[in-house]
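Engineer:
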């Protein structure tokens, strides 16, 4: 039973345009959500996070939106750059529970074309 | 460096052999996690350490897997009698623990790529 799903395995976007990566979750106990970026042969790099008390968090070109009623979050990258090409993982945790282990989605491979 | 480090970066072993993977967390991070990523899949949680508390082993796939952590520093993940399905990237992450025991953002190491022949 996948509690965090990224239904698009890949996404191709033109440089300068907006990239929108989506993530759905099923566990209503999740209250903290993160996006990680992963390049080949490297560990995931933290990108941006959002607490369930917010519906939007912005950091430069990256914005994460959270829709709790729909159990859906999305990552917007604008403008997209070729260096953004990587695999993006959505992750969720229940911070009120001991452990705070992350539950990851399967990832979306983003390709930004020059 | 100030990041999480892992060794070895790559490990090739024969089925049935034991392997030991090492993780050095970021200094001062009391929480340490091990995850596994099989080819084409997302990351799976394996085990969690926090300070001197008993580790959360709920993600370990079998009793062939074990992990230890010395205080708030190095951790080793041991896989005994390796099987081909153990082939994966093993990732370690560490985090601070904030007020109220809330763990902060996890930062990952580069991983150990394990191939069991």
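Protein chains in written order, with the working numbering: chain A, 39 to 152; chain B, 1142 to 1258.
Backbone N, C-alpha and C fix where the C-beta goes; we use that ideal spot for every residue, glycine too.
On a predicted model such as this, the values are computed, not experimentally measured, just so you know.
Residue 71(A) and residue 104(A) look like a contact to me (Cβ under 8 Å); what is the Cβ gap, rounded to whole Å?
Structural biologist: About 6 Å; that satisfies the 8 Å criterion.
Engineer: So, is residue 1197(B) buried or exposed, given that buried needs 16 or more other C-beta atoms within 10 angstroms?
Structural biologist: Buried is the call here.
Engineer: Look at the alpha carbon of residue 1255(B) and the alpha carbon of residue 1225(B), and state the distance between them as a whole number of angstroms.
Structural biologist: About 10 Å.
Engineer: Please classify residue 1225(B): does DSSP put it in a helix, a strand, or coil?
Structural biologist: Three-state result, residue 1225(B): helix.
Engineer: Taking its Cβ as the centre, do 16 or more other Cβ atoms sit within 10 Å of residue 1250(B), making it buried, or is it exposed?
Structural biologist: Residue 1250(B) is buried by the Cβ-count criterion.
Engineer: Is there contact here, the stretch 1198 to 1212 of chain B with the stretch 1148 to 1157 of chain B, by at least three beta-carbon pairs under 8 Å?
Structural biologist: As far as the Cβ criterion goes, the stretch 1198 to 1212 of chain B does not touch the stretch 1148 to 1157 of chain B, which means the pair count is below three.
Engineer: Have a look at 1165(B), 1221(B), 1222(B) and flag the residue whose alpha-carbon is nearest the alpha-carbon of residue 1149(B).
Structural biologist: Ranking 1165(B), 1221(B), 1222(B) by Cα distance to residue 1149(B) puts 1165(B) first.
Engineer: Chain B beta carbons: is any one of them nearer than 8 Å to that of residue 53(A)?
Structural biologist: Not closer than 8 Å to any Cβ of chain B, the Cβ of residue 53(A) fails to qualify, so no.
Engineer: Return the residues of the stretch 1189 to 1207 of chain B that lie within a Cβ-Cβ distance of less than 9 Å from chain A, sorted by chain order.
Structural biologist: Listed by position, the residues of the stretch 1189 to 1207 of chain B near chain A (Cβ gap below 9 Å) are 1189, 1191, 1194, 1197, 1199, 1200.
Engineer: Assuming residue 61(A) contacts residue 44(A) under a Cβ cut-off of 8 Å, what Cβ separation, rounded to an integer in Å, is found between them?
Structural biologist: Confirmed, Cβ separation roughly 5 Å.
Engineer: Looking at the C-beta of residue 1231(B), does it have a partner C-beta in chain A at a distance below 8 Å?
Structural biologist: No, its Cβ sits nowhere closer than 8 Å to a Cβ of chain A.
Engineer: Taking Cβ positions only, does residue 1184(B) come closer than 8 Å to chain A?
Structural biologist: Yes, residue 1184(B) counts as interfacial toward chain A.
Engineer: Taking CB distances under 8 Å as the criterion, tell me whether residue 143(A) reaches chain B.
Structural biologist: Yes, residue 143(A) lies at the interface with chain B (some Cβ there is under 8 Å from its Cβ).
Engineer: Taking 8 Å as the cut-off, decide whether the C-beta atoms of residue 56(A) and residue 110(A) are in contact.
Structural biologist: Contact flag unset, no.
Engineer: What residues from chain B crowd round residue 84(A), counting only those whose CB sits closer than 9 Å?
Structural biologist: Correct list: 1246, 1247, 1248, 1249.
Engineer: Does any CB atom of chain B fall closer than 8 Å to the CB of residue 81(A)?
Structural biologist: Answer yes: the Cβ-Cβ gap between residue 81(A) and chain B drops below 8 Å somewhere.
Engineer: Which residue's Cα is closest to the Cα of residue 1147(B): 1159(B), 1234(B), 1193(B), 1182(B)?
Structural biologist: Comparing Cα-Cα distances from residue 1147(B) to each of 1159(B), 1234(B), 1193(B), 1182(B), the minimum goes to 1234(B).
Engineer: How would you list, in chain order, the residues of chain B whose beta-carbon sits under 9 Å from the beta-carbon of residue 140(A)?
Structural biologist: Chain B residues near residue 140(A): 1174, 1176, 1184, 1186, 1234, 1247.
Engineer: In terms of residue numbering, what span does the beta strand (DSSP E) encompassing residue 1165(B) cover?
Structural biologist: Note, residue 1165(B): beta strand (DSSP E), 1160 to 1165.
Engineer: Comparing alpha-carbon positions, which option in 68(A), 133(A), 126(A) lies nearest residue 144(A)?
Structural biologist: Closest option to residue 144(A), Cα to Cα, is 126(A).
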